[in-house]
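All residue numbers for the sequence shown refer to the working numbering, where the first residue is 28 and numbers rise by one.
All residues carry an ideal CB built from backbone N, CA and C; glycine is no exception.
Values in this document were obtained by computation on a predicted structure and should not be read as measured data.
Report on the structure given below.
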Amino acid sequence: MPETALSPSSLCQQCNGEPRKYRCPKCFMQTCSVSCIQTHKEATGCNGVRDRVGFVAIKEFSDQLLLNDLSFLEEVSQLRGRSNRDNLVTNGHGQKRPSFIKKLQDGCRQPSRMIDLKIMAPGMTKRKMNRSIYDQQKSEVLWTVEIIFGWDGERILRHRVKERSTLEDVVLASIGKDQVRQHRLGRYIDDDSAVFMIAPHASSSPYRRVDRNSTLADAIRSSTVIEYPTIHVARGSEISQFTVTDRLLCVDEVHQGPESSQGSDGGRDSTDQTGSECREHDVIDSDMDNFTIPRLECDPLTR
């Protein structure tokens, strides 16, 4: 049986000797074998990758091309979402900080405060409850403050608390004028032996005892704060449940240098009033996410 002659249009465009079997997705050159494909790529520099946005004539359009286009659009959508998330990465939490949070952190870093404010990832309990802001006009921080009575007793959240407020005033305001609450919690204020403490930022660190007449700004100056300050008030046998630093942070000591504070301590080996010995890396997000508030009462915003 005589062999059928192949037309030039059906031959490999690289060697012109064998029938065409393959078509390059990039330049549509038709070849007969892998060796011809490699030769074509080396000779032309073609990478063999299909141009996913290249023009395709209607007569050449197929169902496969339609599926390819849909797949391409889906990949673009995914890439766009990933790019938006990547652009938000500005710190260890991988989340962008809104401008008001950046202003708050910058205000806390000022020499008059020297507070290392840690902001948690969105969606976490303390992040959602925090309404602290920095008033640039007044150069003042308005804090969200949590007050806890006893070891794990009633918890009250106050918003827009001025940093110049004394701790006693903050606690009094949290109790308010409600007679039931006054009866239940008023003893913590009336008891002169009640201890006011600032909760540590790390579970392994001790609580810092502070003077009830010191301002909130004085109590948390030169310390690390996770979202917002937490004040514990304890009395009687409740105090023994806390690990408290030996030193009482008094109002006068806050405005003195470390040398004068050491002198007034009678040569006693003291713990740094700023709490700088606490390791800020002891706190991780997973720990704080388990931070539950069984009885939370949020007072109206106060200015």
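Coarse secondary structure for residue i, derived from DSSP in three states
i	result
Pro46	strand
Phe223	strand
Val61	helix
Val252	strand
Val188	strand
Val197	helix
Asp78	coil
Gln300	Below a pLDDT of 50, predicted positions are generally treated as unreliable, and Gln300, at 35, falls in that range; the measurement from the model is reported next regardless. Of the three classes helix, strand and coil, the one that applies to Gln300 here is coil, per DSSP.
Asp205	coil
Asp331	No answer is possible for residue 331: it lies beyond the span of the chain, which begins at 28 and ends at 330.
Asp218	coil
Gln137	coil
Ser126	helix
Ser104	helix
Presumed contact (8 Å Cβ cut-off) between residue i and residue j, rounded CB distance
i	j	result
Asp218	Arg182	That pair is no contact at about 19 Å.
Ile216	Leu199	6 Å
Ile253	His228	5 Å
Bridge partners - residue i, DSSP secondary structure assignment
i	result
Phe234	Checking the displayed sequence, the identity of residue 234 turns out to be Tyr instead of Phe. Paired residues: Val271.
Leu38	Pro46
Val172	Arg185
Tyr161	Val168
Val260	Phe176 and Phe223
Thr242	Thr193
Lys53	Lys53 is not bridged to any residue.
Lys153	Answer is none; Lys153 lacks a bridge partner.
Lys145	Ile253
Burial state of residue i (16 or more Cβ within 10 Å)
i	result
Asp245	buried
Val188	buried
Gln206	exposed
Arg107	exposed
Asn43	exposed
Trp170	buried
Arg136	exposed
Gln41	buried
Asn157	buried
Glu101	exposed
Taking contact to mean at least 3 C-beta pairs separated by less than 8 Å, is the stretch 122 to 142 in contact with the stretch 209 to 223?
no
Any 3 or more C-beta pairs closer than 8 Å across the stretch 142 to 159 and the stretch 231 to 240
no
Given 8 Å, three or more beta-carbon pairs between the stretch 44 to 61 and the stretch 74 to 91
yes
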